[in-house]
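Letter 2 of the sequence shown, counting from 1, is numbered 6 in the UniProt record's numbering, and no numbers are missing.
Structure first, commentary second.
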Amino acid sequence: REHFKGRDLLSLHDFTPEEINTILDLAAGLKDGQKKGKPCSCLAGKTLGMIFQKSSTRTRVSFEVGMYQLGGYALYLNAADLQLGRGETIADTARVLSRYLDGIMIRTYAQSDVEELARYADIPVINGLTDLEHPCQILADLLTIREHKGGLAGLKLAYVGDGNNVCHSLLFGCAKTGMHMSVASPPGYQPRAEIVEKAKTDAAATGSRIEIATDPVEAVRDADVVVTDVWASMGQEREQDVRRKIFAPYQVNEELVRHARPDFIFLHCLPAHRGEEVSAQIIDGPHSVVWDEAENRLHAQKAVLALVMG
Ligand code: CP
Ligand code: NVA
Numbered sequence: 005r006e007h008f009k010g011r012d013l014l015s016l017h018d019f020t021p022e023e024i025n026t027i028l029d030l031a032a033g034l035k036d037g038q039k040k041g042k043p044c045s046c047l048a049g050k051t052l053g054m055i056f057q058k059s060s061t062r063t064r065v066s067f068e069v070g071m072y073q074l075g076g077y078a079l080y081l082n083a084a085d086l087q088l089g090r091g092e093t094i095a096d097t098a099r100v101l102s103r104y105l106d107g108i109m110i111r112t113y114a115q116s117d118v119e120e121l122a123r124y125a126d127i128p129v130i131n132g133l134t135d136l137e138h139p140c141q142i143l144a145d146l147l148t149i150r151e152h153k154g155g156l157a158g159l160k161l162a163y164v165g166d167g168n169n170v171c172h173s174l175l176f177g178c179a180k181t182g183m184h185m186s187v188a189s190p191p192g193y194q195p196r197a198e199i200v201e202k203a204k205t206d207a208a209a210t211g212s213r214i215e216i217a218t219d220p221v222e223a224v225r226d227a228d229v230v231v232t233d234v235w236a237s238m239g240q241e242r243e244q245d246v247r248r249k250i251f252a253p254y255q256v257n258e259e260l261v262r263h264a265r266p267d268f269i270f271l272h273c274l275p276a277h278r279g280e281e282v283s284a285q286i287i288d289g290p291h292s293v294v295w296d297e298a299e300n301r302l303h304a305q306k307a308v309l310a311l312v313m314g
């Protein structure tokens, strides 16, 4: 655990399979301790700044509550209210915040902005979602799958929908943990080639198989885990109408999941759009574990915070 100290969490690609397991094990331990009334105050006196350039319910609340439960403190920093919004550079912001805080969580558009923040900050920087990746979400997803399936390696995960930030981080999450992943996205909306290539390198080391295609039925066939996400992500609001038409055949519904294993579980990072990427029967049905998944944001992130800031 020692070598986590001071590390950034920008992408799951930067962590070894063993490190990801360490995070998940600690998350499970912290969850258990919290539920048994034995919380860990390993971040007493530590402060996390949380910069938000996009909306959030889960990320904001779970990081803030997580810091509090670990004995620390979290500040919500709306990017528009910071001098960042008036042109102060990311580099200067990083150097100043490093003199006050013990860690920074940031949700923004460009992955390169998060990388720049991390480069100039002397404290850990955690990616709370960019247009490219959502690593904290996928740590929670892996914890949830582990809880429901008893393990990860060898399972098949199907991702149906937009090849977006969640899909990218899932590719790394599956590749690193030995899960097979099949993606079905419409042509032109598939995950980025450079991410797929990196994930395939990760997959080669664990025996995970990564397949990127267009047919949702083939992707879902015999899947243990079925995942989808919104068709138009934050920042793509103007494309909503076009995307609704293109993605219509990619809805996760009763008909599609007939091809999955009978004991499949359904995950969605939320917020969800019933009647678009998922039907109400599925997200509100017996295979859905989305509330456990949302809860696990808290436990997975507490593990990350404890490891990098502790
Ligand atoms: N899943 C997720 O990141 O949710 P929020 O946008 O509410 O933080
Ligand atoms: N892909 C979605 C995830 C939201 C948590 C978005 O970026 O808006």
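Beta carbons: idealized from backbone N, C-alpha and C, even for Gly.
Since the structure is predicted, the reported quantities are computational estimates derived from the model, not experimental observations.
> Which same chain residues, not among the five before or five after residue 276, have their C-beta less than 8 Å away from its C-beta?
Replying inline: Same-chain partners within the cutoff: 234, 282, 287 and 294.
>> For residue 124, which residues in the same chain have their Cβ closer than 6 Å to its Cβ, ignoring the five residues on either side in sequence?
In response: Here the set comprises 95, 98 and 99.
>> If the criterion is Cβ atoms closer than 8 Å, does the pair residue 12 and residue 128 meet it?
In response: yes
> On the premise that residue 246 lies in contact with residue 161, defined as a C-beta separation below 8 Å, what is that separation, rounded to the nearest angstrom?
Replying inline: So it is not a contact: roughly 28 Å between Cβ atoms.
> Is the beta carbon of residue 147 less than 8 Å from the beta carbon of residue 252?
Replying inline: no
> Mind pulling the alpha helix (DSSP H) runs of 4 or more residues that sit fully within the stretch 95-174?
Replying inline: 115-124 and 139-153
> Mind pulling the alpha helix (DSSP H) runs of 4 or more residues that sit fully within the stretch 181-240?
Replying inline: 197-210 and 220-224
> For the 8 Å Cβ check, are there 3 or more pairs between the stretch 37-55 and the stretch 157-173?
Replying inline: no
>> With distance defined between alpha-carbon atoms, name the residue in 200, 193, 194 and 189 nearest to residue 177.
In response: Closest in alpha carbon position to residue 177, among 200, 193, 194 and 189, is 200.
>> Taking 7 Å as the cut-off, is the C-beta of residue 278 nearer than that to any heavy atom in the ligand CP?
In response: no
>> Considering only their Cβ atoms, is the gap separating residue 182 from residue 369 smaller than 8 Å?
In response: The shown model of the chain, from 5 to 314, leaves out residue 369, and the question about it has no answer.
> Which residue comes first and which comes last in the beta strand (DSSP E) that contains residue 81?
Replying inline: 77-82
> For the candidate residues 249, 254, 14 and 121, whose alpha-carbon lies nearest to that of residue 219?
Replying inline: 254
> Taking DSSP as the reference, what is the three-state secondary structure of residue 292?
Replying inline: Reduced to three states, the DSSP call for residue 292 is strand.
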